[in-house]
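Below is one structure, written out as structure tokens, with a few remarks after it.
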Amino acid sequence: MAVPSLARLGDLETAVLEHVWAAGPCDVKSVHRTLGSRRGITLNTIQSTMERLFRKGLLAREKVSHAYVYSPRQSREELGASMVEEVVSRLLKGEAVPVLEAFVDLAARTDAANLDRLERLIAERRKGRR
Amino acid sequence: MTGVLRLASMNAVALLGFGVIVAAAAALAQRAIATRARALPPELRARVLLAWAVAPIAIATALVAVALWPSLGAALGLAVDHCPAHAGHVHLCMHHLPARGPGIVGAIGLGSFAFAAGAALVWALRLASLALGLSRARSFDLPSGAGVIASSRPFALTIGWFRPRVLVSTALLDRLTPAQLEIVIAHERAHADRRDALATAAARVLSLAHLPSVRREVLADLALACEQACDEAAARACGDRVLVAETIVAAERAAAAAPPLASPGLAFGGGEVVHRVESLLAEPVQKEAPPQLRWILLAAGAVLVAAAPHVHHWTETLLDHLPR
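Going line by line, the protein sequences match chains A and B.
Quick note on numbering: the first sequence equals residues 1 to 130 in this note's numbering.
Quick note on numbering: the second sequence equals residues 1001 to 1324 in this note's numbering.
Dropping the structure here:
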């Protein structure tokens, strides 16, 4: 399954997701108490937002009594890590991702023999300075 | 086909034709350009290579503009309108739209450009979405402003085109010393200040007018030049070129120790690391752009303008021979 994208979330969706990450499993009413009333947003709007996040694969839900309790499918950390692995996979498949510049290449590695040689050069340079 | 479409399709065919000619000439000049570029300091080299990457499409576009100039000049009242002399001849004129055009070839030309523009737009939107998503996935920000992503893969990167963001992983924070981390962030900040991701993306699209083998070389040289330019910026910030070299090797060791992917396909390229470290251990290259460059470019522009009537005539002559 493709990693769900945080990019296609609106402001309210992002705020709700951040709240569920911070507070843990919660129902629509508890999210509305914290976010909705502060922003002047109705309970229905919060409910629609949480349903959308469920359909986008970012929230899971379980029926408890008469209401759904929503919980994050992945923690922020797990989602971030998944997105990074998705980028690295794309690079390994030869796809260009020219929207980022990495300090060292995310996919291609320098062989150990060359790294050893570079470290020797650096050590010699340091010795030469003293 | 309406007159506007005929004119557009003629320009599209002219652009393709000029593009092929200029790309062939660029392929012949590639070795000389690449050799001279390698002798330049990284910041200047990156600018030269970016200009070289877009040269075929830029020159071809300039030639099409030159071919249209007599018509443009007439429309602006700067030149004599010679359109009546075009009886029975394909006519590149905005003033009097052409009555006939290059037919199927023109349609293919226009269609190709429309397809390429659409594909580039979709590609750009997907990449922008990736950048925004990754930026939002950060757990917290360091005092330097760099975002931290929880990941067992050590990395640092700058992401985004118009509001570039520096991101580092928790794994890299664990592996590097504070001094090394400062160098990494200085390097990435330099990418952000230079808008390297935007320049690289533009170069990838606009360099499609080069022959594929030339394009690969130019883009690889450009990527290395950008990295070295940012290494120099980091070296100026910390005052120790050898420490920057050490940091690159440390980051590469950390990346090599990262957990393997579920579907491994590890690429051994990494030639950039060798070039970057060797360059930092050597004396920095001090060279500036030749002062005559501005005059050379002005002279080239003047030659093009003077040649406009001939370019216009020969372009119409060639377009007239296309099947309709």
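Heads up, the beta-carbon is just placed ideally off N, CA and C, and yes, glycines get one too.
What you are looking at is a predicted structure, and each value in this text was computed from that prediction instead of being measured.
From the DSSP output, in three-state form, read off residue i for me.
i           : result
Thr-110(A)  : coil
Lys-63(A)   : strand
Leu-115(A)  : helix
Ile-41(A)   : coil
Pro-72(A)   : strand
Asp-27(A)   : strand
Asp-1231(B) : helix
Glu-1272(B) : helix
Asp-56(A)   : Per the sequence presented here, residue 56(A) reads as Lys, with Asp not at that position. Note: Lys-56(A) maps to coil in three-state DSSP.
Glu-1288(B) : coil
His-19(A)   : helix
His-1321(B) : coil
Gly-94(A)   : coil
Arg-1189(B) : helix
Thr-34(A)   : helix
Arg-120(A)  : helix
His-1210(B) : coil
Asp-1174(B) : helix
Ser-1279(B) : helix
Pro-1049(B) : It is Leu, not Pro, that sits at residue 1049(B) in the sequence shown. Here Leu-1049(B) sits in helix by DSSP.
Thr-1257(B) : In the sequence as displayed, the identity of residue 1257(B) is Ala instead of Thr. In this structure, Ala-1257(B) counts as coil in the three-state DSSP scheme.
Gly-1118(B) : helix
Leu-1181(B) : helix
Leu-1078(B) : coil
Pro-1309(B) : helix
Ser-1152(B) : coil
Ala-1039(B) : coil
Arg-1241(B) : helix
In the DSSP assignment, what residue or residues form a beta bridge with residue i?
i           : result
Gly-1329(B) : One cannot answer for residue 1329(B) here, as it falls past the ends of chain B, which runs 1001 to 1324.
Thr-1158(B) : Glu-101(A), Val-1166(B)
Asp-1221(B) : Answer is none; Asp-1221(B) lacks a bridge partner.
Asp-1196(B) : Looking at the DSSP assignment, Asp-1196(B) forms no beta bridge with any residue, so it has no partner.
Report all residues from its chain with a CB closer than 6 Å to the CB of residue i; omit the five preceding and five following residues, and keep chain order.
i           : result
Leu-1206(B) : Val-1054, Ile-1057
Glu-1252(B) : Val-1273
Tyr-68(A)   : Arg-61
How would you label residue i, buried or exposed, when you count the other beta carbons within 10 angstroms and need 16 or more for buried?
i           : result
Thr-1002(B) : exposed
Pro-1070(B) : buried
Glu-18(A)   : exposed
Ala-1225(B) : buried
Glu-1232(B) : buried
Gly-94(A)   : exposed
Leu-1076(B) : exposed
Arg-1215(B) : buried
His-1321(B) : exposed
Glu-1316(B) : buried
Trp-1052(B) : buried
Glu-1283(B) : exposed
Arg-1031(B) : exposed
Please return the same chain residues whose Cβ sits closer than 8 Å to the Cβ of residue i, not counting the five positions on each side in sequence.
i           : result
Ser-1135(B) : Gly-1147, Ile-1159, Gly-1160, Arg-1165, Leu-1167
Leu-43(A)   : Val-28, Lys-29, His-32, Gly-36
Among the residues of its own chain, which have a CB less than 7 Å from the CB of residue i, if the five just before and after it don't count?
i         : result
Glu-13(A) : Thr-49, Arg-52, Leu-53
What I want to know is whether the C-beta of residue i ends up closer than 7 Å to one or more non-hydrogen atoms of the ligand PLP.
i           : result
Leu-1319(B) : The ligand PLP is not part of the structure shown, which contains no ligands of any sort.
With a threshold of 8 Å, are at least 3 pairs of Cβ atoms found where one atom belongs to the region 1011 to 1022 of chain B and the other to the region 1105 to 1117 of chain B? Pairwise C-beta distances place the region 1011 to 1022 of chain B in contact with the region 1105 to 1117 of chain B, as three or more of them are shorter than 8 Å.
Inspect the CB distances between the region 1227 to 1234 of chain B and the region 1274 to 1282 of chain B and report whether three or more fall short of 8 Å. Yes, the region 1227 to 1234 of chain B touches the region 1274 to 1282 of chain B.
Counting pairs of Cβ atoms below 8 Å between the region 1244 to 1258 of chain B and the region 100 to 116 of chain A, do you hit three or more? Cβ pair count under 8 Å is three or more, so yes.
With a cut-off of 8 Å, do at least 3 Cβ pairs link the region 1195 to 1202 of chain B to the region 1017 to 1036 of chain B? No, the region 1195 to 1202 of chain B does not touch the region 1017 to 1036 of chain B.
For the region 1038 to 1047 of chain B against the region 1206 to 1225 of chain B, are there 3 or more C-beta pairs whose distance is under 8 Å? Judged by Cβ distances under 8 Å, the region 1038 to 1047 of chain B makes contact with the region 1206 to 1225 of chain B, as three or more pairs qualify.
At a cut of 8 Å, does the region 1236 to 1248 of chain B reach the region 1177 to 1188 of chain B through at least three beta carbon pairs? Between the region 1236 to 1248 of chain B and the region 1177 to 1188 of chain B there are three or more C-beta pairs closer than 8 Å, enough to call the two in contact.
Three or more beta-carbon pairs under 8 Å between the region 70 to 89 of chain A and the region 1120 to 1137 of chain B, yes or no? Enough Cβ pairs lie closer than 8 Å, so yes.
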